[in-house]
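In the working numbering, the protein residues as written are 277 to 596.
Where a beta carbon is used, it is the ideal one built from N, C-alpha and C, also for glycine.
This is how it looks when you write it as structure tokens:
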């Protein structure tokens, strides 16, 4: 690993590791390498606590949680949904109903598309008004059609349900205006993630590759540079805040935890842990708050980091 900043770190004090999924533990084919699985198993045998903190919802993360078989607690949907083990619910944090109503009125007038998402315990768990339109997220939605209920009136549909997340897609500059409107009316009552679709291609490439029509694929990818995704959550949602639940559960201090990540949503947590590690493919802003950078997600960066941090001779983990 390459050291990024001069900060004194006592590796012997590290007793836990938190991992991001997409762009970090998962390679670009959305697989966990055998090398990474072996490294994680070594941690488990040495009683190092491990959890997954991801923007994925439960159904999208379940396959990996089952393979990893970790106690957690895990933070899903960037902390809106907390579980331990393979699915025992600890907490749900719901979007303010007033914010949902406000967005359902505003976003469509600006040409934006909305997807309402519940806690992913049962399908269908996503709700969409009207037909899908061509945009960079269309292949992703089509791949998850079994999860989506198409409704005539989204306001009526979500009034009966508990939402953990609202996803709004559209022109990036328009989304910044939408965000400004929410802040002007509901500051302190929501949290959000706003990304350019061009920064999300590592996730979307898998779905784009499934589009059979070359014309549609070309139209979709031509929109990428101007498109974006705005996700709205409850005001108490972030990976950094979910970190408190992890610490309380295990009776740890923040200095005893390492975290490996790659994306903007990882920054609040990277700023709090005892050891912050970025994968090589992380955004520059992410590396700027990290202590070390490891190999990329496609080159077993997580496995190399685990072995170097926890299993160098001078850094053998302390038995708990």
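task = Quick one: which unbroken alpha helix (DSSP H) runs of 4-plus residues sit fully inside the region 458-523? Chain order, please.
result = 477-484 and 490-498
key: Under the three-state DSSP convention, the category residue 422 falls into   = Position 146 of the chain shown, counted from the first residue, corresponds to residue 422. For residue 422, the secondary structure class from DSSP, reduced to helix, strand or coil, is helix.
request  = Please check the pair residue 573 and residue 555, which I expect to be a contact at CB under 8 angstroms, by giving their CB distance rounded to whole angstroms.
outcome  = The sequence position of residue 573 within the chain shown is 297, counting from 1. The sequence position of residue 555 within the chain shown is 279, counting from 1. Rounded, the Cβ-Cβ distance is 5 angstroms, consistent with contact.
message = With the cut-off set at 8 angstroms, would you say residue 382 and residue 454 are in Cβ contact?
response = As a first step, residue 382 must be located in the chain shown, where it is residue number 106. As a first step, residue 454 must be located in the chain shown, where it is residue number 178. A contact, by the Cβ cut-off of 8 angstroms.
message = Quick test of the definition: if touching needs 3 or more C-beta pairs under 8 angstroms, does the region 375-391 touch the region 305-325?
response = As far as the Cβ criterion goes, the region 375-391 does not touch the region 305-325, which means the pair count is below three.
Cβ pair residue 290, residue 534 closer than 8 angstroms = Your numbering for residue 290 matches position 14 in the chain shown. Your numbering for residue 534 matches position 258 in the chain shown. Closer than 8 angstroms, so yes.
message = Quick check on residue 528: does DSSP put it in helix, strand or coil?
response = The residue labelled residue 528 in the question sits at position 252 within the chain shown. Reduced to three states, the DSSP call for residue 528 is coil.
query = In chain order, what residues of the same chain have a beta carbon less than 8 angstroms from the beta carbon of residue 400, not counting five sequence neighbours either side?
reply = Counting from 1 along the chain shown, the entry for residue 400 is found at position 124. Cβ within range, chain order: 422, 423, 424 and 425.
key: Rounded Cβ spacing between residue 284 and residue 334 (contact assumed at less than 8 angstroms)   = Residue numbering aside, residue 284 sits at position 8 when the chain shown is read from its first letter. Residue numbering aside, residue 334 sits at position 58 when the chain shown is read from its first letter. About 38 angstroms separates the two Cβ atoms, so there is no contact after all.
request  = Leaving out five residues on either side along the sequence, give the residues of the same chain with a beta carbon under 6 angstroms from the beta carbon of residue 512.
outcome  = Translated into positions along the chain shown, residue 512 becomes position 236. Excluding sequence neighbours, residue 512 sits near 369.
query = Does the Cβ of residue 460 have 16 or more other Cβ atoms within 10 Å, making it buried, or fewer, making it exposed?
reply = Taking the first residue of the chain shown as position 1, residue 460 is located at position 184. The residue is exposed, with fewer than 16 neighbouring Cβ atoms inside 10 Å.
key: Bridge-paired residues (DSSP) for residue 391   = Within the chain shown, the letter at position 115 stands for residue 391. Answer is 404 and 443, bridged to residue 391.
ask   = Looking at C-beta atoms only, is the number of pairs between the region 370-379 and the region 477-491 that lie closer than 8 angstroms three or more?
value = no
task = Could you tell me whether the region 356-368 touches the region 527-544, where touching means 3 or more Cβ pairs closer than 8 angstroms?
result = no
Between the CA atoms of residue 391 and residue 466 - distance to the nearest angstrom = For this step, residue 466 is matched to residue 190 along the chain shown. For this step, residue 391 is matched to residue 115 along the chain shown. Going from the Cα of residue 466 to the Cα of residue 391 covers about 17 angstroms.
message = Going by beta-carbon coordinates alone, are residue 468 and residue 440 separated by less than 8 angstroms?
response = As a first step, residue 468 is located in the chain shown; it is residue number 192 there, counting from the start. As a first step, residue 440 is located in the chain shown; it is residue number 164 there, counting from the start. Contact: no.
message = Buried or exposed for residue 594, going by 16 or more other Cβ atoms inside 10 Å?
response = Position 318 of the chain shown, counting from 1, holds the residue named residue 594. Its pLDDT being 45, under 50, residue 594 is placed unreliably in this model, and the value from its coordinates should be taken loosely. Classification of residue 594: exposed, given that the 10 Å Cβ count is below 16.
ask   = Roughly how many angstroms lie between the CA atoms of residue 570 and residue 355, to the nearest whole one?
value = Your numbering for residue 570 matches position 294 in the chain shown. Your numbering for residue 355 matches position 79 in the chain shown. Approximately 25 angstroms, taken between the alpha carbons.
inquiry  = Please report the distance separating the alpha-carbon of residue 490 from that of residue 303.
reply    = As a first step, residue 490 is located in the chain shown; it is residue number 214 there, counting from the start. As a first step, residue 303 is located in the chain shown; it is residue number 27 there, counting from the start. Roughly 25 angstroms between the two C-alpha positions.
Inter-residue Cα distance where the pair is residue 286 and residue 550 = Numbered from its first residue, the chain shown carries residue 286 at position 10. Numbered from its first residue, the chain shown carries residue 550 at position 274. Cα to Cα, the separation comes out at about 9 angstroms.
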